[in-house]
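Residue numbers (my numbering), protein chains in the order written: chain H, 16 to 301; chain R, 7 to 419.
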Amino acid sequence: MASIDFVPSSADSLGIPQGNTFLGSYTEHAKAPPIFSQQTEDSRSVLVAVLRRQIEAVSSRRAHSPSEGISIDIPEVDALLPQKRIFPGGFVEWLIPTEGIGGECLSLRMAWSIAVHRKGHLVIVDPTQEIYPPGLVYLGIDLSRTIFLHPTSPKDASWAIIQVLRCSSTGALWARIDRLDTRTARRFQLAAEQGFTVGIFVRPFQAINEISWAQVRFLVQPQAATRAQDTSQRRRVKVIVVRARGQWENTAGEVLIDDPADPLSQTFGTSSLNESPSLKAASLRA
Amino acid sequence: MDPLGPSDTLFLDLTRVLHIIGEEKPFITHLIGECYQRGFHPVAIAITETATAGWAFTHFASIETKHRISQAWIIPPGKMRHWLQSLPVEAIRGKEEWHIVCHELGCHTIGDVLRIPLSEWEERLGKDFGIRIQQLVGECEEILPPYHPLPKFEYSVYLEYPTTSPEIIDGHISSLLHTLSGHLFKIGQGALELVITFFCDDAKPLSITITLIHPTVNAEKLYGLFQLHKEQLRLSGPVTQISVAATCTASLEWGQSTLFHPSVTSSSREWAELLERLAARLGKERVSEAFLEPDYAPEYVTRWRSCLDRQRKQKSSSVSFASFSGARPLRLLNNPVPIEVVMGIPSGDPYRLFYRGQSKKIVRFWGPERIETGWWRGDTILRDYYRVETATGEHFWIYRCLSTGQWFLHGIF
Numbered sequence: 016m017a018s019i020d021f022v023p024s025s026a027d028s029l030g031i032p033q034g035n036t037f038l039g040s041y042t043e044h045a046k047a048p049p050i051f052s053q054q055t056e057d058s059r060s061v062l063v064a065v066l067r068r069q070i071e072a073v074s075s076r077r078a079h080s081p082s083e084g085i086s087i088d089i090p091e092v093d094a095l096l097p098q099k100r101i102f103p104g105g106f107v108e109w110l111i112p113t114e115g116i117g118g119e120c121l122s123l124r125m126a127w128s129i130a131v132h133r134k135g136h137l138v139i140v141d142p143t144q145e146i147y148p149p150g151l152v153y154l155g156i157d158l159s160r161t162i163f164l165h166p167t168s169p170k171d172a173s174w175a176i177i178q179v180l181r182c183s184s185t186g187a188l189w190a191r192i193d194r195l196d197t198r199t200a201r202r203f204q205l206a207a208e209q210g211f212t213v214g215i216f217v218r219p220f221q222a223i224n225e226i227s228w229a230q231v232r233f234l235v236q237p238q239a240a241t242r243a244q245d246t247s248q249r250r251r252v253k254v255i256v257v258r259a260r261g262q263w264e265n266t267a268g269e270v271l272i273d274d275p276a277d278p279l280s281q282t283f284g285t286s287s288l289n290e291s292p293s294l295k296a297a298s299l300r301a
Numbered sequence: 007m008d009p010l011g012p013s014d015t016l017f018l019d020l021t022r023v024l025h026i027i028g029e030e031k032p033f034i035t036h037l038i039g040e041c042y043q044r045g046f047h048p049v050a051i052a053i054t055e056t057a058t059a060g061w062a063f064t065h066f067a068s069i070e071t072k073h074r075i076s077q078a079w080i081i082p083p084g085k086m087r088h089w090l091q092s093l094p095v096e097a098i099r100g101k102e103e104w105h106i107v108c109h110e111l112g113c114h115t116i117g118d119v120l121r122i123p124l125s126e127w128e129e130r131l132g133k134d135f136g137i138r139i140q141q142l143v144g145e146c147e148e149i150l151p152p153y154h155p156l157p158k159f160e161y162s163v164y165l166e167y168p169t170t171s172p173e174i175i176d177g178h179i180s181s182l183l184h185t186l187s188g189h190l191f192k193i194g195q196g197a198l199e200l201v202i203t204f205f206c207d208d209a210k211p212l213s214i215t216i217t218l219i220h221p222t223v224n225a226e227k228l229y230g231l232f233q234l235h236k237e238q239l240r241l242s243g244p245v246t247q248i249s250v251a252a253t254c255t256a257s258l259e260w261g262q263s264t265l266f267h268p269s270v271t272s273s274s275r276e277w278a279e280l281l282e283r284l285a286a287r288l289g290k291e292r293v294s295e296a297f298l299e300p301d302y303a304p305e306y307v308t309r310w311r312s313c314l315d316r317q318r319k320q321k322s323s324s325v326s327f328a329s330f331s332g333a334r335p336l337r338l339l340n341n342p343v344p345i346e347v348v349m350g351i352p353s354g355d356p357y358r359l360f361y362r363g364q365s366k367k368i369v370r371f372w373g374p375e376r377i378e379t380g381w382w383r384g385d386t387i388l389r390d391y392y393r394v395e396t397a398t399g400e401h402f403w404i405y406r407c408l409s410t411g412q413w414f415l416h417g418i419f
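Below is the structure:
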């Protein structure tokens, strides 16, 4: 049985917190291949686990304590997250195959929950000026705590996103981004790390093949209405975590989106900021 | 200056000063010339018996012309009522709701209003309306509060040689900002609004406005905000003169810095500075808050107001989702997209829609929600809205225009 020694000291040079570091020695890896072929399944899984920890260590610069995490008050989505929480200092991507299936609705609910938790404003970057404030009110979002940015060019939009993410007073940022190159994505991540803020980005499904700096990547899939005679305006969507730091298997869950004005929906509160976030978030339930 | 409305009006009280100004016609010509020299062109001038009538003529009696020309009216004494007859009711300076009610009652001109006894108007619109009408026709005195111009904080530099060099321009602006800040600091004032004007050869002066939330004398900060504005600046030629003016100032906010618990103040300051930076780069109007108006037409419900607008501390709208009779989408298309919809017979319910070349079967729908409004805007809306769910799980907000029968996609949930 081959053994691999781990040398945790190299973390300093990368600026990685020691407590979150478990880096292996490269020289040991270089020697390893001929031995790997003789590994049993057990030792392979151990090796894979070790490599995962290493990747985890270098892909997450900051060690989060559970108290820093934010519940987004959608229990079904919370349950899909690695630590059942979103951690400030990064961004979340929602991949949406087609418009109108509820992905924007869920992502905005998430952004608002985070903004309420952080006692800050929700900033919506909307170049096309199509986000409809009455629709936000429907979701329980308080317009007096929401700022809309209407940049005229992609360059201005990415500059504004970086500025907002870099400001630690920001509650949360929400933006719909169709194209995002790796360098800009990295800038967003660094800005969020600097400001310890959270960005929520809605992206087209095609972005699934792009390299992502997001801490979590959700994919939303519509679920066809099962009962045509159902008169409530609820809709069912499937949410899949396609990437999450510290989580290796895709997880999926179903979320039922209620319509607050629907008399058949029993769980929706009003939109006052003074109410508890859990009450306001109750428009989304399983 | 008009204390009630936007500052686009200057009232001059000419009572008993005719011996100083001489004849009225030459005086008006002189005024137009003075305004032109100061960059105000075209202007509208009216000499009337009352201030309110003067405002009505200058704002609503203008003749549309192809050319930008100044216009003037001299209304002879005693002829006020006759000349006011044809002006629209909007020429009655006051609340917008007055005008709406007048139109609803079929009174579209001041003449129509004057034909109905004032007491009846007062019953419906209140005493203020009666007073305003009396002021308009000269039956009631109107007191004009004097205009006290603010002290002007303006510094200019004339360049020896016209230049387009960014380094030279930046250097001058930095120097001017430091001078201005020093002056403001001495008198305990901070800049809230700054106008930087570039005078170019053979071209109109170009101004940029920097708006702040908290008064400041920090020249470096102001310079940083100017740099953000510069991205949008397109000079039309070499610059011959640069001026920097603080057009709005306020007392500086003094506060002792705290060693412990500084977070609340610093957080709000950081937030304010973020908004200032965003407004400097994107434009003030592109950093905004939304307010809802109680209007049935979906496209008129939202009012946008800049976060840096000093008048924005108004009561927030109390419109909530309970105010709407049906669901409202998350996205409302700026221009409704024409779509084809197959309807069931004889119900007329939507059964299938064609959007972006795709046929989508409608499995559920909610509606119709009839919206019939806006006739007073001259843009009558008569629509039946449906929220529809397609077989692939998409929720759309579509409507049928009842006047044409055409279907449109208006929103996406």
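Glycine residues also receive a C-beta, built at the ideal position from the N, C-alpha and C atoms.
Here the alpha carbon of I111 of chain H sits roughly 21 Å from the alpha carbon of N340 of chain R. Counting other Cβ atoms within 10 Å of its Cβ, V343 of chain R stays below 16 and is therefore classed as exposed. An exposed status is given to R201 of chain H, since fewer than 16 other beta-carbon atoms sit within 10 Å of its beta-carbon. Among the residues of chain R, none has a CB under 7 Å from the CB of T266 of chain H; the nearest is roughly 21 Å distant. Counted as a single uninterrupted DSSP element, the stretch harbouring W381 of chain R is not any beta strand (DSSP E), since DSSP gives it neither H nor E. Within chain H, no C-beta atom comes nearer than 8 Å to that of L314 of chain R; the closest sits roughly 11 Å away. In this structure, the CA atom of C182 of chain H is about 16 Å from the CA atom of K227 of chain R.
Put simply, the region 239-254 of chain R does not touch the region 278-286 of chain R. Fewer than three CB pairs are less than 8 Å apart.
Residue contact check for E225 of chain H against chain R: no CB pair falls below 7 Å.
In the DSSP assignment, H184 of chain R falls within the alpha helix (DSSP H) that extends over 172-192. Per DSSP, the beta bridge partners of E269 of chain H are H:K253.
Counting only the Cα atoms, I215 of chain H lies some 15 Å from D93 of chain H. In the three-state reduction of the DSSP assignment, T64 of chain R falls in the helix class, which pools H, G and I.
Taking a contact to require three or more Cβ pairs closer than 8 Å, the region 367-382 of chain R and the region 91-107 of chain H do not qualify as touching.
Residues of the region 384-400 of chain R with a Cβ closer than 7 Å to any Cβ of chain H, in chain order: R393, E395, A397, T398, G399, E400. Fully enclosed alpha helix (DSSP H) runs of no fewer than 4 residues occupy 169-181 of the region 157-207 of chain H, in order along the chain. Distance check between D355 of chain R and each of R:G411, R:R99, R:A333, R:L186 places R:G411 closest, using alpha-carbon atoms only.
A Cβ-Cβ contact shorter than 7 Å links D390 of chain R with R406 of chain R.
Looking at the DSSP output, C254 of chain R sits in a beta bridge with R:E199.
By the rule that beta-carbons nearer than 7 Å mark a contact, S353 of chain R does not touch chain H. Y167 of chain R counts as exposed, since fewer than 16 other C-beta atoms from the protein chains shown sit within 10 angstroms of its C-beta.
Contact of W174 of chain H with chain R by beta-carbon distance below 8 Å involves R287. The C-beta distance from M86 of chain R to A52 of chain R rounds to 11 Å, too long to meet the 8 Å contact threshold.
Just measuring C-alpha positions, the residue of H:Q144, H:P149, H:R250, H:V257 sitting nearest S227 of chain H is H:V257.
Going by DSSP, F414 of chain R is part of the beta strand (DSSP E) stretching over 413-418.
Under the 8 Å Cβ criterion, the region 149-162 of chain H counts as touching the region 126-140 of chain H, having at least three qualifying pairs. Contact of P237 of chain H with chain R by beta-carbon distance below 8 Å involves T398, G399, E400. The C-alpha of E276 of chain R is placed about 7 Å away from the C-alpha of S184 of chain H. One Cα belongs to A175 of chain H, the other to V369 of chain R, and the distance between them is close to 41 Å. Going by C-alpha positions, W189 of chain H is about 33 Å away from I387 of chain R.
For E305 of chain R, the CB contacts under 8 Å within the same chain, skipping 5 residues up- and downstream, are L338 in chain order. Membership of I38 of chain R in the alpha helix (DSSP H) is indicated by the continuous run 30-43. Taking 7 Å as the CB threshold, D171 of chain H lines the interface with chain R. Within the same chain, L95, K253, V254, I255, V256 come within 8 Å of A267 of chain H by CB-CB distance, once the 5 residues on both sides are set aside. Three or more pairs of CB atoms, one per stretch, sit closer than 8 Å, so the region 114-125 of chain H contacts the region 394-402 of chain R. Counting the other CB atoms within 10 Å of its CB gives H88 of chain R a total below 16, which places it among the exposed residues.
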